[in-house]
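Colleague:
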Amino acid sequence: MGKVNTGLTATLLADRFGCRTIVFTGVAGGLDPELCIGDIVIADRVVQHDFGLLTDERLRPYQPGHIPFIEPTERLGYPVDPAVIDRVKHRLDGFTLAPLSTAAGGGGRQPRIYYGTILTGDQYLHCERTRNRLHHELGGMAVEMEGGAVAQICASFDIPWLVIRALSDLAGADSGVDFNRFVGEVAASSARVLLRLLPVLTAC
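Take 1 as the starting number for the sequence shown in the UniProt record's numbering and just add one per residue.
As structure tokens, then:
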């Protein structure tokens, strides 16, 4: 858990084991109010929301590896290779997940699959105000603690990567309760998406 451990693991996979593609899957907190617990977010970009320039007690996210006053850049985040996203979307066309249990939404609602920005930071988010700010300022659909590190390492090694997340909570005051209630069920959905994608990801 966290960017340091993830960066170490991704480095070992790329350098020592020669992995051609790295995929990170699991659960995340939802930021977009249109999303529900159980929905899947597949990153087309990741941003490390806690790396940046701190001024007037406010953090302005900045691109990891760059120093604002020495090596300025307008770039923010790491985009997924468009060719990878195209293969993923084609493979998941028409793919459906089993409806959530009554405890996780009920009414036979099926989890939906979205593509968008996933934010990464070394905090477990338990705050509605921060959740809303991250969504509005950075366009994040989900927040977690590892994807940005995977992307940064893979960019250094010039290998494809993908982050797949199922929403276990909505990153607010009830996130701790929601996580414990739903993590098993939604993590299984994330795993099913990964299994569906393996044939196209191993071809990267």
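Virtual Cβ for every residue (Gly too), placed ideally from N, Cα, C.
Quick caveat: nothing in here was measured; it's all calculated off a predicted structure.
Can you list, in chain order, the residues of its chain whose CB lies under 8 Å from that of Q152, leaving out five sequence neighbours each side?
Modeller: Closer than 8 Å at Cβ, skipping near neighbours: G7, Q48, P64, G65 and Y78.
Colleague: Quick check for students: name the residue ranges of the beta strand (DSSP E) that lie wholly in the stretch 137 to 163, counting only runs of 3 or more.
Modeller: Complete beta strand (DSSP E) runs here, min 3: 140 to 144.
Colleague: Using beta-carbon positions only, say whether M1 and M145 come within less than 8 Å of one another.
Modeller: Against a cut-off of 8 Å, the Cβ pair of M145 and M1 comes out as a contact.
Colleague: Give every residue of the same chain whose Cβ lies closer than 8 Å to the Cβ of D15, excluding the five residues on either side of it in the sequence, and list them in chain order.
Modeller: Only F157 meet the Cβ criterion.
Colleague: Count the other CB atoms within 10 Å of the CB of F26; is the residue buried (16 or more) or exposed (fewer)?
Modeller: The question names Phe, but residue 26 is Gly in the sequence shown. G26 should be labelled buried.
Colleague: To the nearest angstrom, report how far apart P72 and T55 are at their CA atoms.
Modeller: Approximately 16 Å between the Cα atoms of the pair.
Colleague: Starting from R87, follow the alpha helix (DSSP H) in both directions and report where the run begins and ends.
Modeller: Element bounds for R87: P82 to L92.
Colleague: Short check: CB of L167 to CB of V84, under 8 Å?
Modeller: Going by C-beta atoms, L167 is not nearer than 8 Å to V84.
Colleague: Provide the residue span of the alpha helix (DSSP H) that contains A14, from first to last.
Modeller: A14 -> alpha helix (DSSP H) spans K3 to D15.
Colleague: Measure the C-alpha to C-alpha separation of R45 and G116 and round it to an integer number of angstroms.
Modeller: Computed Cα separation, rounded: 6 Å.
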